[in-house]
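**Student:** Before we start, here is the structure in question, set down as structure tokens.
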Amino acid sequence: MAQNESPVVFDGHNDVLERLGRPDGGGSDAFFERGEKGHLDLPRAREGGFGGGIFAVWVPSPKEDSTPERRTSNGLPPALDPAYALRYAMAAIATLLKIEARSHGSLRIVRTVAEIERCMNEGVMPAALHIEGADAIDADLDALHVLHRAGLRSLGLVWGRPNAFAEGVRPSFRGSPDTGPGLTEAGRNLVRACNDLGIMLDVSHLNERGFWDVAELTDAPLVATHSNAYAICPSSRNLMDSQLDAIAASDGMIGLNFGVHFLREDGVEDANTPLEVMVRQIDYLVERVGIERVGFGSDFDGITLSGEIGDVSGLPKLMSALRERGYDDHALRKIAHENWIRVLRETWGG
Ligand SMILES: [Zn+2]
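With positions in the sequence shown counted from 1, the corresponding number in the working numbering is that position plus 1.
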């Protein structure tokens, strides 16, 4: 790597499949065109040094479930109908499969760390398949086994609602992440099954009791793919120091969420936010969990970004800001991709 050249980024979380799947999203073809909408497509990824990452399948609540009257007693959107969630997840996974098929070899769905490394050496974009919330998976875990064979390598137990396995944290600013019950018996079985299959479990979006249940049960490093430090931005979606310490103790990691309302001390969702706020979160996380355990989990296409980055093509600005702050080549490589590769190797095996 030449002096001052930024290392390639492997990112822990993006929502591009959700954006492409919207009625006006353009589907898999739109991934190959340099767009103005959203944050991530192949041309802009190349400009920004985004080498690859974990691609999320996220199932939105149906419109009729998004009203205040339909909220649970805990203030969350109601659980999804599993048949609806599975149907939606199939469509999103199919979008990723079509992107791979139409990419002329420029994107590959990866199932092993050796495949990620081969892709990154060859300038191919590795895409690891993640499902954000196990709503599409039945309590008998039949779908889990099928999805694993189809390429699923990372799973968030919940998004911000309940399901058969656990309950998502209720989003609030200055509120506690302790907003509901922990894992169900089916949730405990799901953790064990993911350990056995080598599927990475993501604790982002879990409430605090769910987090500690996973921490106690899992035999893999604890990973929050797209969350930040509560000590700086007290959003219930972020992690308390005690949770960060547990991640460090398990030799897991945390991917920095680029959403300004998860970064800022005042929690305001305003694109007019300086990069300095991202650097401050990275400084705090590195201080708390160590340089080996921090990476990116941008949440591209799922959040409001700092206007100074704008979209994935602005990633080099963040890398420059970190370099100016004193992170050397060695540290930048760890944050950019080496830490993700280490944790995936430990979790997936091989
Ligand atoms: Zn999320």
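For glycine and all other residues, C-beta sits at the position ideal for the given N, C-alpha and C.
#1: Look at the Cβ atom of G52, then the Cβ atom of H338, and state whether they are nearer than 8 Å.
#2: Given this structure, state the Cα-to-Cα distance separating H131 from E70, to the nearest angstrom.
#3: My output table needs one value for N340: the three-state DSSP class, helix, strand or coil.
#4: Starting from E133, trace the beta strand (DSSP E) in both directions and tell me its first and last residue.
#5: Among all the DSSP beta bridges, which residues are the ones paired with F11?
#6: With DSSP run on the structure shown, which of helix, strand or coil describes F259?
#7: If you count every other CB in all the chains shown that lies within 10 Å of the CB of K335, and 16 or more means buried, which is it?
#8: Hey, R112 and S29: beta-carbon distance below 8 Å or not?
#9: What are the boundary residues of the alpha helix (DSSP H) that V192 is part of?
#10: Would you mind sorting L145 into buried or exposed? The rule is 16 or more other CB atoms within 10 Å of its CB.
#11: How many Å lie between P78 and P163 at the Cα?
#12: Nearest by alpha-carbon distance to V295: which of R265, E6, G13, P275 is it?
#13: Under the DSSP definition of a beta bridge, which residues are partnered with I110?
#14: How far does the alpha helix (DSSP H) with G22 in it reach, from first residue to last?
#15: Round the Cβ separation of T274 and S321 to the nearest angstrom and send it over; I've been treating them as touching at under 8 Å.
#16: For T348, which of S74, N258, L202 has the nearest alpha-carbon?
#17: Any idea which residues DSSP pairs A92 with across the strands?
#18: Assign P24 to one of two classes, buried (16 or more other C-beta atoms within 10 Å of its C-beta) or exposed (fewer than that).
#19: With the cut-off set at 8 Å, would you say L158 and G211 are in Cβ contact?
**Tutor:** Looking at the atomic coordinates:
#1: yes
#2: 31 Å
#3: helix
#4: 126-133
#5: G53
#6: coil
#7: buried
#8: no
#9: 186-198
#10: buried
#11: 8 Å
#12: G13
#13: A128
#14: 17-22
#15: That pair is no contact at about 17 Å.
#16: L202
#17: According to DSSP, which records beta bridges pairwise, A92 is partnered with nothing at all.
#18: exposed
#19: yes
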